[in-house]
Amino acid sequence: MSTSKAEATTPVNGSLTRQRRTYSIGELARMFEVTPRTIRFYEQEGLLAPERRGQTRIYHEKDRVRLKLTLRGKRLGFSLAEIREVIEMYDAMPDGNARQLKRLLEILADKRNNMERQLEDIRLMQRELDDVEMRAREVLERLGQD
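Note that the UniProt record's numbering numbers the sequence shown so that position 82 is 82, with each residue one more than the last.
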């Protein structure tokens, strides 16, 4: 069962109105290659707010964009709290967009700094592994000469 509708104009009381595209949970799951459970989790966390018709969830374009931003944020290592903060700023008007972008830049800078520290930690661990490997090979070589 699909609840999706293409955007179209239809006459209502002699005037034209726009019907917006809607999505079922299954359509969004397939579109973003996630499970419906993942989408319900993000809904439970307040990142998505689909319309309800009985037990059926009806997602609008705003929900699709929020899901896209949420999944992108997760791929970039953002916490759900950081994602929520940026999305809520986007929803707040009139200056939500500028504030959102500034906060996004702050979060990105923090992520970049954390990654640099992690990268340095990895390099240090690699040097330590190289040192232990070299010592182990030297000992093994001496043992083989006895």
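Built from N, CA and C at the ideal position, the CB exists for glycine as well.
Am I right that residue i and residue j are in contact with their C-beta atoms under 8 Å? What's the rounded C-beta distance?
i   : j    : result
Y42 : T70  : 6 Å
A29 : I39  : 6 Å
H60 : R112 : About 34 Å; that fails the 8 Å criterion.
Among the options, which residue has its Cα nearest to the Cα of residue i?
i    : options               : result
E102 : E116, R135, R117, E85 : Contrary to the premise, residue 102 reads as Lys rather than Glu in this sequence. Of E116, R135, R117, E85, the residue nearest in Cα terms is E85.
L47  : E82, G26, E120, Q55   : E82
S100 : L108, K111, I87, A109 : Before going on, a small fix: residue 100 reads as Gln here, not Ser. The shortest Cα separation from Q100 among L108, K111, I87, A109 belongs to I87.
D63  : G54, E27, Q55, N97    : E27
To the nearest angstrom, how far is the alpha carbon of residue i from that of residue j?
i    : j    : result
E45  : K68  : 15 Å
D130 : E116 : 21 Å
M31  : S24  : 11 Å
F78  : L104 : 10 Å
L127 : Q118 : For clarity, residue 127 is Arg in the given sequence; the question names Leu instead. In a straight line, the C-alpha of R127 is about 14 Å away from that of Q118.
I want to see whether chain D comes within less than 7 Å of residue i, judged by CB atoms only; does it?
i   : result
Q44 : This model lacks chain D altogether; it includes just one protein chain.
Keeping to the same chain, check which residues put their C-beta closer than 7 Å to that of residue i; ignore five residues upstream and five downstream.
i   : result
I58 : T3, T22, P50, E51
Exercise for the section: Starting from the N-terminal side, write out each stretch of the beta strand (DSSP E) that is 3 residues or longer and does not extend beyond the segment 52-113. Expected result: 56-60
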